[in-house]
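> Once you've had a glance at the structure underneath, I'll fire off some questions.
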Amino acid sequence: MENGRRQTTRKRPINSYYTNSEQNSQRVNFSNWPYREKVALLKALKKYGHYDMVNVCKAVPGKSKDQIKAAIDMWWKAARVAMLASAGDKQSRDGLKHVPKRGKGRPSGSSKGFSTEKAPIDQWLHKLEESQPACSCSETKLLQKALLYISKYENHPSPQKCNGVDYRAMYEYLYCMLSGYPGKTLNPETAAYVLDSLNDLALEIRERGMQKETFFLDVVQRIYGQLRQYAGKTKTESDLEPTSPEAAFKNFMKTVGVNPLNIPMSLLKK
């Protein structure tokens with residue numbers, strides 16, 4: 008609140024990932040690539056994945072690592088924009104098929120489309136979270152593991168019963184994509200189903216109300232900007248926990264013969 012007016016921040020559109028100058032610069036640089044280098048980069052990404060930059064760079068020796076990263080980043084952003092645009096087109100086409108949310112006047116109880124049971128992917132994630140020690144894995148790594156275990160241990164229907172869609176291969180493909188590993192080639196039916204599912208996911212995220220989350224982040228941002236942080240006082244040797252790494256290091260340095268030159272500990276830590 009400043010002068011009786013609430014401070015507002017300008018929000019950037021969802022499909023704006025970079026400035027026009029950066030976008031044009033990347034496109035101009037990539038347009039100068041020879042066709043054979045573009046094909047070589049695509050084949051290398053399909054074979055090695057985007058995390059294995061050593062082999063990817065070997066496949067395109069005429070370009071530097073920064074140039075290759077810029078090309079991958081440009082493709083990724085273009086794919087995101089195309090996916091969001093496709094989700095927007097599907098929203099306009101399927102507007103009549105949209106199921107409204109349960110209103111206040113709607114009677115309580117289970118009904119079709121409003122099941123209280125968790126989705127299978129949420130059940131897998133819940134089991135993995137229970138089996139992991141606290142703060143041992145991030146949510147992204149748990150999602151990777153869930154997709155891998157689903158592909159290996161779920162009882163998937165045969166592709167013949169699902170119009171050619173191979174669910175086992177699809178979950179394994181998603182696991183590889185999240186892990187940065189090269190994914191296996193999917194058959195046309197499964198590939199089309201994956202693209203449609205990603206478009207539906209983007210549409211679901213855009214339709215989902217995020218007013219509470221946006222308000223919370225806005226409040227936290229304003230509070231964080233008003234806080235001042237001060238460095239705490241340096242702990243003395245008596246204040247250290249006996250089992251802490253600093254205490255163990257100090258006890259180790261007191262051992263005879265470890266530091267015959269009496270080099271200061273501050274320099275040894277570096």
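Residues are numbered in this note's numbering as their position in the sequence shown, beginning at 1, plus a constant of 7.
Cβ coordinates follow ideal geometry from the N, Cα and C atoms, glycine included.
Just so you know, these numbers come straight off a predicted model, no measurement behind them.
1) Does DSSP put K168 in a helix, in a strand, or in coil?
2) Is K70 helix, strand or coil by DSSP?
3) My understanding is that G171 touches H57, with C-beta atoms under 8 Å, so please give their C-beta distance in whole angstroms.
4) Please list, in chain order, all residues of the same chain as Y174 whose beta carbon is under 6 Å from its beta carbon, the five residues on each side excluded.
5) Could you have a look at Y42 and say whether DSSP puts it in helix, strand or coil?
6) Thinking just about the alpha-carbon of each residue, which of A78, L52, A77, D73 is nearest to the one in A66?
7) Taking the alpha helix (DSSP H) that Y178 belongs to, which residues open and close that run?
8) Flag G56 as yes when its Cβ comes closer than 7 Å to any non-hydrogen atom of the ligand COA, and as no otherwise.
9) Excluding the five sequence neighbours on either side, which residues of its own chain have a C-beta within less than 8 Å of the C-beta of T221, listed in chain order?
10) Using CA coordinates, which residue listed in S165, D225, Y178, W82 is at the minimum distance from I157?
11) Ordered along the chain, which non-local residues of its own chain (more than five positions away) have a Cβ less than 8 Å from that of L193?
To lay it out plainly:
1) Reduced to three states, the DSSP call for K168 is helix.
2) Coil, per DSSP.
3) Incorrect: roughly 28 Å between the Cβ atoms, too far for contact.
4) In chain order, H163 place their CB closer than 6 Å to the CB of Y174, counting only its own chain and leaving out the 5 sequence neighbours on each side.
5) Residue state, collapsed to three classes: helix.
6) Selected option, being the one with the closest Cα: L52.
7) In this chain, the alpha helix (DSSP H) harbouring Y178 covers 174-186.
8) With respect to the ligand COA, the structure offers nothing, as it holds no ligand at all.
9) No residues qualify anywhere along the chain.
10) Answer by Cα proximity: Y178.
11) Around L193: D173, A176, M177, Y180, V201.
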